[in-house]
Structures are given as C-alpha cells and as structure tokens.
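With my numbering applied, the sequence shown corresponds to residues 128 to 242, in that order.
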Amino acid sequence: QVQLVESGGGLVQPGGSLRLSCVASGIIFSIYDMGWYRQAPGKQRELVADITNTGRTSYLDSVKGRFTISRDNAKKTVYLQMNSLNPEDTAVYYCNADFRQFDYWGQGTQVTVSS
C-alpha cells in the first residue's frame with residue numbers, strides 16, 4: 128500500500144518559516160519524481176516545486192528564492208523549506224510522487240500565514 132504522509136504545516140506570521148516533510152512508503156522512492164503542490168480556497172491546485180529522481184529542481188516563479196525543495200532517498204522523504212512566507216502562501220500543501228503511469232498524492236497539510 129502506497130502512502131505519502133505530509134507534516135510540518137501550521138500557522139505562521141508573515142515573514143516566518145516552515146519546513147514541510149513528506150514521508151513515502153510502499154514505493155521505490157528513489158526512482159520517483161517528487162513534487163509539492165498547493166491549493167488555496169477557490170483556486171486551482173498549482174505546482175510549487177518539484178525535484179526529479181536525479182535531483183533537478185524547479186519552482187513556481189512566486190516562490191523562487193524563498194522555497195527550497197530537497198529529498199533524502201535513504202529516509203524516503205521530500206522536504207519543502209519555506210522562508211519569507213506571506214499571506215498569499217496560505218493553502219493546503221500536497222506531496223506528489225510521479226513515475227511513468229504511477230501517480231500518488233498525500234492527504235495534504237494546511238499552511239496558514241497570518242498575523
């Protein structure tokens with residue numbers, strides 16, 4: 128059974144930081160491209176950052192320079208370090224694992240940026 132379990136969300140003030148984690152089980156983690164998506168109320172889900180199985184990263188323009196995605200294949204974990212958070216970053220953040228026709232999602236973790 129495949130599981131992606133996110134953690135690390137919460138309430139943070141503008142300018143603050145959070146680190147999200149996503150632990151995978153039931154997959155050969157190292158071969159998967161991993162991504163973090165987010166969905167704000169009334170908006171479509173969008174790709175925030177991804178990291179390929181070779182370690183290449185890409186980012187949504189609005190988070191470049193503030194967010195960093197990384198992975199630890201030994202721990203089957205992908206991280207999203209989020210700095211300089213602003214209210215527009217408020218959303219449910221989802222972890223995604225993608226390999227060929229296989230595509231898996233976590234249950235999401237809420238991030239709220241508010242004073």
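Even glycine gets a Cβ: it sits at the ideal position worked out from N, Cα and C. Please read these numbers as outputs of a predicted model, since none were measured by experiment.
Original post:
In whole angstroms, what is the alpha-carbon distance linking L174 and Q237?
Top reply: 16 Å
Original post:
Which value, in whole angstroms, describes the spacing of the CA atoms of A151 and S157?
Top reply: 10 Å
Subject >> K170 to G135 span [Cα, whole Å] >> reply: 22 Å
Original post:
Which class does S189 belong to by DSSP, given the choice of helix, strand or coil?
Top reply: helix
Original post:
Looking only at DSSP bridge pairs, what is V139 linked to?
Top reply: V240
Subject >> DSSP three-state assignment for I155, whether helix, strand or coil >> reply: coil
Original post:
Using a Cβ-Cβ cut-off of 8 Å (strictly less than) and excluding sequence neighbours within five positions of R146, which residues of its own chain qualify?
Top reply: G135, Y206, L207, Q208 and M209
Subject >> Anticipated Cβ contact below 8 Å, V219 with G233, distance rounded >> reply: With 8 Å as the limit, V219 and G233 do not qualify as a contact, their Cβ atoms being about 10 Å apart.
Original post:
Can you list, in chain order, the residues of its chain whose CB lies under 7 Å from that of N180, leaving out five sequence neighbours each side?
Top reply: S157, I158, Y159 and D160
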